Amino acid sequence: MNFSGLSPAPAAPVRVEHADLTVVGGGGHVGIPLVLAFAEAGFRVNVHDTDRNVIESLRCGRLPFIELGGEELLARALERKQLVFTSQPSDISPNAPVIITIGTPIDEFLNPLRKVIQDCVDALLPHLIDGQLLVLRSTVFPGTTEWIDEYLQRKGRRLMVAFCPERVVQGQGVKELKETPQIISGTTEDAEHAAARLFSAIARELVRVKPREAEFAKLFNNAYRYIEFAVANQFYLISKMAGLDYRQVAHAMKHNYPRARGIPTPGLAAGPCLFKDTMQLLAFAQNQFSLGNAAMLVNEGLVLHLVDDLDRRFELSRMTVGLLGMAFKAEIDDTRASLSYKFKKALLPLARTVLTTDPFVTSDPELLELNEVIARSDLLVLCAPHRAYRELDFSGKPVLDVWGVLESANVIG
Ligand SMILES: NC(=O)c1ccc[n+]([C@@H]2O[C@H](COP(=O)([O-])OP(=O)(O)OC[C@H]3O[C@@H](n4cnc5c(N)ncnc54)[C@H](O)[C@@H]3O)[C@@H](O)[C@H]2O)c1
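For the sequence shown, the numbering used here gives the first residue as 11, with consecutive numbering after it.
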């Protein structure tokens, strides 16, 4: 295996056959920070992605989405000619380790789609050689790593199969990859060892376990976070039912009380990972994951409850409602699985008009400028708590703020 990327970066453009590593899905939210971390460590990286627009954008030095600190690293990697871009499996580097970071969605029955990984491996397989390291980095259903290994063996192939899950927070991967211990596992000792060697180039600390343990660790991490948000959301709803301002209750619970420090603020718990991964666990447990199930009901139900509450308090049919923040969380531009859109959908049949805005999102042609939304709306809803909204003058209009971050006098909880 060639780890010669640890030597000084090459002056001539790297050729694909000289890459030290291939990142499949290298233009995605997990792929890009990983590519940049390895490039920063001196590796020559084959960035492989089927989305040619993303590849073109990266080639030109533009990140396709917000990734803090990423632009600078991308510029440096391009300047040092450490990146080589491919879109066809037949073009990937012939013998460098391969890390798969493609999306692993759930289907309409909330069950995992193992076929996505299988199809990806099938397409790569004719271009991989026996003995090559194949790392799954995408979040996978328990058992997938061993299953892929057996699947390859049934085809008479002998690759080193590893699973090393990604755990960074979206948008902050560059920073967090430096700080987060890397979970390393392999279907054989050799595979685990090779994966550990690879990731030790970018990680401060490695945690070595078996593939199933790693798969569950990743899913439990995400489900736990999802459940934490559900706890806060349920407390918020109960306080509301009691006619209380949850902010006061949260303040009393948390002020200088270490055991409550970790309780998050209530809010729209959305995005492409937490819900999906909790559902993967639910599917594994044959629907006997009651906490995960309850968390889904609370987090997804929060929006419907809030809309229902607004409908009872206001004459929505005569009002224009403005939604602030359509990204799935603060300070990013990603709308995947954003509950802001569920909010919009639930309000559309009730309100006279629904207007939307977001300072970061560029993928939605219906978005309006913030000033226009504030000026035209009778009622505002803080969906994603971007910092830009914190100090705003809402001209005395009521603002629903479930997050509890606005100070304005007309905030409704
Ligand atoms: N987004 C996060 O912050 C985050 C954090 C931890 C783990 N994860 C997990 O990582 C995985 C990837 O998530 P993501 O958010 O980066 O997804 P993404 O959609 O942003 O990126 C996936 C990339 O893979 C590319 N791709 C898809 N199929 C391909 C193929 N066959 N060959 C080459 N490229 C292909 C896509 O074009 C895309 O650019 C998921 O399993 C997710 O659950 C995501």
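In this text, a Cβ means the ideal position worked out from N, Cα and C, and glycines have one as well. Here the structure is a predicted model, which is why all the values come from computation and not from measurement.
Just reading off the alpha helix (DSSP H) that GLN290 is part of, what are its end residues? 284-294
Is it buried or exposed for ALA280, if we count other Cβ within 10 angstroms and need 16 for buried? buried
Along the chain, where does the beta strand (DSSP E) that runs through MET170 open and close? 170-173
What does HIS58 pair with, by DSSP beta-bridge criteria? VAL34 and THR96
Quick one: does the C-beta of GLY38 sit closer than 7 Å to a heavy atom of ligand 1? Yes; taking the cut-off as 7 Å, the Cβ of GLY38 has a heavy atom of ligand 1 nearer than that.
As assigned by DSSP and simplified to three states, the class of ARG218: If DSSP states are grouped into helix, strand and coil, ARG218 belongs with the strands.
GLU27, DSSP secondary structure in three states: If DSSP states are grouped into helix, strand and coil, GLU27 belongs with the helices.
Identified DSSP bridge partners for LEU120: Paired residue(s): none; LEU120 is not in a bridge.
Tell me whether GLU176 counts as near ligand 1, meaning its Cβ is closer than 7 Å to at least one heavy atom of that ligand. yes
Check for me: the beta strand (DSSP E) holding THR384 runs from which residue to which? It should be pointed out that residue 384 corresponds to Ile in this sequence rather than to Thr. No beta strand (DSSP E) contains ILE384, which is instead part of the alpha helix (DSSP H) from 380-386.
DSSP on GLN192, reduced to helix/strand/coil? strand
Determine, using beta carbons only, whether ARG167 and LEU135 come nearer to each other than 8 Å. yes
Helix or strand or just coil, what does DSSP make of VAL40? coil
LEU187 versus ALA85 - alpha carbon distance: 18 Å
For the pair the stretch 284-291 and the stretch 316-327, tell me if three or more CB-CB distances fall below 8 Å. no
Tell me whether PRO282, by its Cβ, gets closer than 7 Å to a heavy atom of ligand 1. yes
Candidates ARG346, LEU138, THR366 and VAL412: closest to TYR282 by CA position: Looking at the sequence provided, one finds Pro at residue 282 rather than Tyr. Closest option to PRO282, judged by alpha-carbon separation, among ARG346, LEU138, THR366 and VAL412: ARG346.
Following a CB-centred definition, is ILE212 positioned closer than 7 Å to any heavy atom of ligand 1? no
Relative to the alpha-carbon of VAL391, which residue among ALA260, SER373, VAL412 and PRO175 has its alpha-carbon at the smallest distance? VAL412
SER348 burial status per 10 Å Cβ neighbour count (16 or more: buried): buried
With a 10 Å radius around its C-beta and 16 neighbouring C-beta atoms as the bar for buried, classify MET251 as buried or exposed. exposed
Among all the DSSP beta bridges, which residues are the ones paired with VAL364? VAL331
Is SER148 close to ligand 1? I mean its beta-carbon at under 7 Å from any heavy atom of the ligand. yes
Please report how far the alpha carbon of GLU27 lies from the alpha carbon of ARG207, in whole angstroms. Computed Cα separation, rounded: 21 Å.
Could you give the distance in angstroms between the alpha-carbon of THR372 and the alpha-carbon of ASP343? 7 Å
Expected contact under 8 Å - CB spacing of ILE127 and THR154 to nearest Å: Confirmed, about 6 Å.
Along the chain, where does the beta strand (DSSP E) that runs through VAL108 open and close? Per DSSP, the continuous beta strand (DSSP E) segment holding VAL108 begins and ends at 108-110.
Flag LEU70 as yes when its Cβ comes closer than 7 Å to any non-hydrogen atom of ligand 1, and as no otherwise. At residue 70 the sequence reads Cys, which differs from the Leu that was named. It does not: the Cβ of CYS70 is nowhere closer than 7 Å to a heavy atom of ligand 1.
Between LEU316 and LEU410, which are expected to be in contact by the criterion C-beta below 8 Å, what is the C-beta distance as a whole number of angstroms? 7 Å
Which residues does DSSP list as the beta-bridge partners of VAL421? VAL409
Assuming LEU307 is part of the alpha helix (DSSP H), what are its boundary residues? 300-323
What span of residues does the beta strand (DSSP E) with VAL145 cover, start to end? 143-146
Thinking C-alpha only, which one of GLY277, PRO276 and ALA260 is nearest ARG269? ALA260
Tell me whether GLN180, by its Cβ, gets closer than 7 Å to a heavy atom of ligand 1. yes
By the three-class DSSP mapping on this structure, what secondary structure does LEU358 have? coil
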